[in-house]
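Those sequence lines, one after another, are chains A and B.
Quick note, the first sequence lines up with residues 1 to 219 if you use my numbering.
Quick note, the second sequence lines up with residues 1 to 219 if you use my numbering.
Number of protein chains: 2
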Amino acid sequence: MYSQAEENYLKTIYNLESRQGSEVSTNLIASKANTKASSVTDMLKKLAAKNLVQYKKYQGVHLTELGRKSALKVIRKHRLWESFLVQKLNFKWDEVHDIAEQLEHVKSEVLIEKLDAFLKYPKLDPHGDPIPDAHGRTILNKTVVISAMKIGSAGVFVGVRDSSSEFLQYLNKKNLALGDRIKVIDIEPFDGSFHIETRTHRLVITKSVAENLCLKNVK
Amino acid sequence: MYSQAEENYLKTIYNLESRQGSEVSTNLIASKANTKASSVTDMLKKLAAKNLVQYKKYQGVHLTELGRKSALKVIRKHRLWESFLVQKLNFKWDEVHDIAEQLEHVKSEVLIEKLDAFLKYPKLDPHGDPIPDAHGRTILNKTVVISAMKIGSAGVFVGVRDSSSEFLQYLNKKNLALGDRIKVIDIEPFDGSFHIETRTHRLVITKSVAENLCLKNVK
DNA sequence: CGAAAAATTTAGATATAACTAAAAATATAT
DNA sequence: ATATATTTTTAGTTATATCTAAATTTTTCG
Ligand SMILES: [Mn+2]
Ligand SMILES: [Mn+2]
Ligand SMILES: [Mn+2]
Ligand SMILES: [Mn+2]
């Protein structure tokens, strides 16, 4: 079907497009993909030729329906493999992303359907991200990032926006785990850092950390 | 570590070398790898530069100790993944080879050790092939191919030399499965075909099929 | 042995997916 | 609005892994 490079671009464009609405720029893709703008341009032309993106020179891209569906298939595979690694092989949530980056490119429809069944059709991956079903549908997971919360409000920590092992290891060290109830105690006006509280402890997190923690049932 | 192409060549050379003793020729590798002799020559130079094979122009290659160990690692991964696919995901033995060809190239030492533990350290894969342990050691699996047997001798069918889905589907159709007791009833002098008998039925197999069925405890 | 056949290597080309440096288009700011 | 800065594209290069066709070496055989 598509090459690994193509699949990785589809995923990157999909993620940028969801968290952004509008057209995605060449430079933005390049920085997320750790590559150069000129490489991105080359690939965008190739993806456009395959009807995966709509591309107008200098105007950025957005995914076509085919591109969106293809991206969701890759994301489905990535998240199912991450679930497998944590649930069945006893990996920790901060250890699975890089391995799933490789496993997601294995080509076999029946493999992924059998894996899904083996895992009993999980709805969320180990990072709280929704797993698309075979048709690309996900449950809606209405969450609020801490950085958007007001002093005194609280919710349940159910997801992260950054699944890098560095960030997850930081959360481990700070004793923050999915399922924790978190309350915003104070917001520092000077640097935008957040004073938060869990059932067991209080701590201060920077604004950029606060932007990557997703809470549910915020009141 | 090594590229997919390099790993595939190592596996091919390892298999040819085991079933052959002596140096492996360029053309033989080319035919097994479904590629051209000139491509093989290019790759042999690269493998030699990485100290994976000993290569003398026009004289064929054999694996170095590093090459042998590296090949066994790939074979270990291939057979563990095949075992996973059959034992955990309910694939049939004729459906797993091509998927394992992809999975075997996933890079992660810890992944394969955890997979091995999850499967409870299997010693044989679904085709009766021994699975090397983390140090490259395998149980000895002393078998005889039917084509080497005499009329009247019998044994237990424990392995195949060809794991292609075409061959395995042929065996399914002929109702031959691992564990069956097989007896040689007659050998046709004209074309070398074998008349064999299981507990449940008799059939005739060609010489080339007989060369790919491995039996244990032959008497 | 020496010629013909077979096997192997070399030379040159192609495709993919990167890169750097330069050119072109777009955005911004005075 | 025009000059400057930023973004994006183009042109040309590199590395990997293939291929075909031609040259070279080895093997086989009369
Ligand atoms: Mn991930
Ligand atoms: Mn994830
Ligand atoms: Mn196999
Ligand atoms: Mn096998």
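By construction, the Cβ of each residue, glycine as well, lies at the ideal position given by its N, Cα and C atoms.
If you're wondering where the values come from, they're calculated on a predicted model, not measured in any experiment.
**Report entry** Contacts of L108 of chain A in chain B (Cβ-Cβ under 7 angstroms)
**Finding:** Before going further, note that residue 108 of chain A is Ser rather than Leu in the sequence given. Result: I99.
Query raised in the report: Per the contact definition of three or more C-beta pairs closer than 8 angstroms, is the stretch 83-100 of chain A in contact with the stretch 58-67 of chain A?
Result: At 8 angstroms Cβ cutoff, the stretches do not touch.
Requested in this report: Identify the continuous alpha helix (DSSP H) that holds Q87 of chain B and give its terminal residues.
Outcome: In the DSSP annotation of this structure, the continuous segment of the alpha helix (DSSP H) that includes Q87 of chain B starts and ends at 65-87.
**Report entry** Inter-residue spacing [alpha-carbon to alpha-carbon] between W81 of chain B and H97 of chain A
**Finding:** Those two C-alpha atoms are separated by around 19 angstroms.
**Report entry** Cα-Cα separation between M149 of chain A and T12 of chain B, rounded to whole angstroms
**Finding:** Approximately 59 angstroms, taken between the alpha carbons.
Report task. Anything in chain B within Cβ reach of L80 of chain A, meaning under 9 angstroms, just list it in chain order. Result -> Chain B residues near L80 of chain A: none, gap ~12 angstroms exceeds 9 angstroms.
Query raised in the report: Are the C-beta of Q20 of chain B and some C-beta of chain A separated by less than 7 angstroms?
Result: Using a CB distance cut-off of 7 angstroms, Q20 of chain B does not count as an interface residue toward chain A.
Query raised in the report: Should P126 of chain B be labelled buried (16 or more other beta-carbon atoms within 10 Å of its own) or exposed?
Result: Per the 10 Å Cβ criterion, buried.
Query raised in the report: Residues of chain B with a CB under 7 angstroms from the CB of N90 of chain A: which are they?
Result: Simply K114.
Requested in this report: Output yes if chain B places a C-beta closer than 7 angstroms to the C-beta of L111 of chain A; else output no.
Outcome: Interface residue, yes.
Requested in this report: Quick one: grab the DSSP three-state call for Q54 of chain B.
Outcome: Secondary structure at Q54 of chain B: strand, using DSSP grouped into helix, strand and coil.
Query raised in the report: If you draw a straight line from the alpha carbon of K77 of chain A to that of N141 of chain B, how long is it in whole angstroms?
Result: Looking at the two C-alpha atoms, the distance is approximately 37 angstroms.
Query raised in the report: Closer than 6 angstroms: is that where the CB of S153 of chain B sits relative to any heavy atom of ligand 3?
Result: Taking non-hydrogen atoms of ligand 3 into account, the C-beta of S153 of chain B is found less than 6 angstroms away from none of them.
Query raised in the report: How do the stretch 36-53 of chain A and the stretch 5-22 of chain A stand: do at least 3 beta-carbon pairs fall below 8 angstroms, yes or no?
Result: As far as the Cβ criterion goes, the stretch 36-53 of chain A touches the stretch 5-22 of chain A, which means the pair count is three or higher.
**Report entry** the stretch 98-106 of chain A / the stretch 22-37 of chain A touching (three or more Cβ pairs under 8 angstroms)
**Finding:** With the cut-off at 8 angstroms, the stretch 98-106 of chain A and the stretch 22-37 of chain A do not touch.
Query raised in the report: Which residue comes first and which comes last in the alpha helix (DSSP H) that contains I112 of chain A?
Result: For I112 of chain A, the enclosing alpha helix (DSSP H) covers residues 109-118.
Requested in this report: Measuring alpha carbon to alpha carbon, tell me which of B:L119, B:L215, B:P189 ends up nearest R161 of chain B.
Outcome: That would be B:L215, whose Cα lies nearest to the Cα of R161 of chain B.
Query raised in the report: Where does the unbroken alpha helix (DSSP H) through I99 of chain A begin, and where does it stop?
Result: Taken as a continuous stretch (DSSP letters only), the alpha helix (DSSP H) holding I99 of chain A covers 97-103.
Report task. Determine the closest residue to N15 of chain B out of B:A134, B:P130, B:F167, with distance taken between C-alpha atoms. Result -> Closest in C-alpha terms to N15 of chain B, from the list B:A134, B:P130, B:F167, comes B:P130.
Query raised in the report: At a CB-CB cut-off below 9 angstroms, which residues of chain B make contact with Q87 of chain A?
Result: By Cβ distance, chain B contributes nothing, its closest Cβ being about 11 angstroms from Q87 of chain A, past 9 angstroms.
Requested in this report: Run the CB neighbour count on F157 of chain A, radius 10 Å, all protein chains shown included, and call it buried at 16 or more, exposed below.
Outcome: That one is buried.
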